[in-house]
Structure formats: C-alpha cells, structure tokens
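Before any comments, here is the structure.
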Amino acid sequence: MNDSKLCIENVHTLLQDAETRLRLNQEVDGSNKSSNLNEKIPHIKCTNSIQPYIKNLSHGPRFDSSQLVPAQMRKSANGITVVTDPVHTHTKEKDIKSTAGPDWFDLPRTKLTPELKRDLQLIQMRDVLDPKRHYKKDKNRGKIPEYSQVGTVIQGPTEYLSSRLTNRERKRTLLEEVLNSEKQSGRFKKKYTEIQNAKTSGKKSHYRKLKESRTKSSISKR
Numbered sequence: 001m002n003d004s005k006l007c008i009e010n011v012h013t014l015l016q017d018a019e020t021r022l023r024l025n026q027e028v029d030g031s032n033k034s035s036n037l038n039e040k041i042p043h044i045k046c047t048n049s050i051q052p053y054i055k056n057l058s059h060g061p062r063f064d065s066s067q068l069v070p071a072q073m074r075k076s077a078n079g080i081t082v083v084t085d086p087v088h089t090h091t092k093e094k095d096i097k098s099t100a101g102p103d104w105f106d107l108p109r110t111k112l113t114p115e116l117k118r119d120l121q122l123i124q125m126r127d128v129l130d131p132k133r134h135y136k137k138d139k140n141r142g143k144i145p146e147y148s149q150v151g152t153v154i155q156g157p158t159e160y161l162s163s164r165l166t167n168r169e170r171k172r173t174l175l176e177e178v179l180n181s182e183k184q185s186g187r188f189k190k191k192y193t194e195i196q197n198a199k200t201s202g203k204k205s206h207y208r209k210l211k212e213s214r215t216k217s218s219i220s221k222r
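Straight run, no breaks: the sequence shown in the UniProt record's numbering ends on number 222.
Laid out in structure tokens, this is it:
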C-alpha cells in the first residue's frame, strides 16, 4: 500500500511540474507575439512609379518617344559633336609606327636591302668571325630588328695618324672589311681545309694524298 501511495504522489508531482512548464512556455510565446506586433512595418514610397510607355491622346494612343532613348544619350545627341578626320588620324598612326618613339631617339623603321641584310648577318655572327673575343649571347639571332639605322663613324681630329685607317683599309661595307681581313689572316681558308681533311679521312682520296706526299718526300731525299 505504501508503495502505491508513493507512486501516486510521484505522478501528481510530475503532472504539476508539466502544467507549470506549459504555463511558462505560453507566457513566453505571448510576450514574443506582442513584441513582434509592436514592431513598426516599413512604409513603401510610391513616388518612383513606373511611367507608362503608351499615352492616350485625343487622336488615339501614341508611344512615348522620350522612353526610346535614355536621357544621357539624348543629351549627347542634341549637343555639339567634334568630327575627327579619319585620314588625319590614320596618318598620325603611321607616323607613330614609322619611328621607335622619342624614348629611342626616333629610330626609323628598318628598310631592308640585300646589303643591310648581309651586314646584319655578319654582326650577329661576330663570335664566329673572331673566336678569341667573347660576346654576349644574342637571343634574337636570325631576326631582323624592327627599328635600326646605319651610320658612319667619323674619326676625331685629336686621334693620331697611326690609329686611323688608311684608304686601302677603309671599305664601304662590313662584308668588304671581313673579306679584306680574311686575305690578311687566312683563317677561314685554314679552317676549311681542317674540316675537309677531317671529313675525307679514311677515303680513297685521303690515301692518294698520303701516297703522293710520301713519294714526294722520298724523291726529295734521293
């Protein structure tokens, strides 16, 4: 009996606790609803209304022409416009492209001729012409510069006669100077014979030359 009384009392206490919790929850919900209702609803401004594109006039409905073009474009269309001469602008672009600009002392565009092409090739192959001198590697080898100019070095009056070139040594082009220096040094001819000897070694012509040189040396000894 005592156990049953305790169980009934526990049930009553649990029910009372549940009722109090429900009341508290209802009070909190009611306060939240009242606070939400008290908040102000923002008003919508009706000043920026959309104007209709079609107007009803006495002689019938007509389309509003002011809505076709925006106000900024209409203002620029009604204003004064400066017309540029296309021929003048085209010639200006040509003048700008014909030189390298003031930063490069207005170097003119390269007018390629066969003589200039040969001279440029010789300049790019200067390390081959004189292997004892070391030059900076040229990444643009084989390419013709877009802007270039050919000039003549004028010797100063203070230079001594021994440092000046004679009329025989002075040539018109770089190619003529290279050929003249080759006649004096004979380096290219010597290099060519070395390459040919290396290529023809082991062939019949090589052995014939060896035999001829041996026979000549034996005859000279006798």
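From the three backbone atoms N, C-alpha and C, an ideal C-beta is built for every residue, glycine too.
Nothing here was measured: the structure is a model prediction, and the numbers come from that model.
Quick one: what's got a C-beta closer than 8 angstroms to residue i's C-beta in the same chain, skipping five residues either side?
i: V150; result: L116 and D119
i: I144; result: T110, L112, K117 and L120
i: P52; result: D64
i: V178; result: L122 and L129
i: V69; result: A77
i: A18; result: none
Strictly by DSSP, which residues pair up with residue i?
i: R62; result: K55
i: P70; result: Beta-bridge pairing links P70 to no other residue.
i: R109; result: Y147
i: T99; result: P108
Here's the rule: buried if 16 or more other CB atoms are within 10 angstroms of the residue's CB, otherwise exposed. What is residue i?
i: L174; result: buried
For residue i, which residues of its own chain have a beta-carbon under 7 angstroms away from its beta-carbon, when the five flanking residues on both sides are left out?
i: Q16; result: none
i: G186; result: none
Relative to the alpha-carbon of residue i, which residue among the options has its alpha-carbon at the smallest distance?
i: N180; options: Y192, T193 and T166; result: T166
i: Y135; options: G142, R126 and R141; result: R126
i: F188; options: H206, S76 and P131; result: P131
i: T152; options: L161, K137 and R172; result: R172
i: L129; options: S163, Q26, K191 and F105; result: K191
i: R170; options: Q155, L14 and A71; result: Q155
Quick test of your reading: residue i and residue j, contact by CB under 8 angstroms. State the CB separation rounded to the nearest angstrom.
i: L107; j: Y147; result: 4 angstroms
i: T200; j: H206; result: 5 angstroms
Kindly indicate if chain B contains any beta-carbon less than 8 angstroms away from that of residue i.
i: H12; result: In summary, chain B is missing from the structure at hand, where a single protein chain is found.
Take residue i and list the residues in its own chain whose beta-carbon comes closer than 6 angstroms to its own, dropping the five residues that flank it on each side.
i: R62; result: K55
i: F105; result: none
i: R208; result: none
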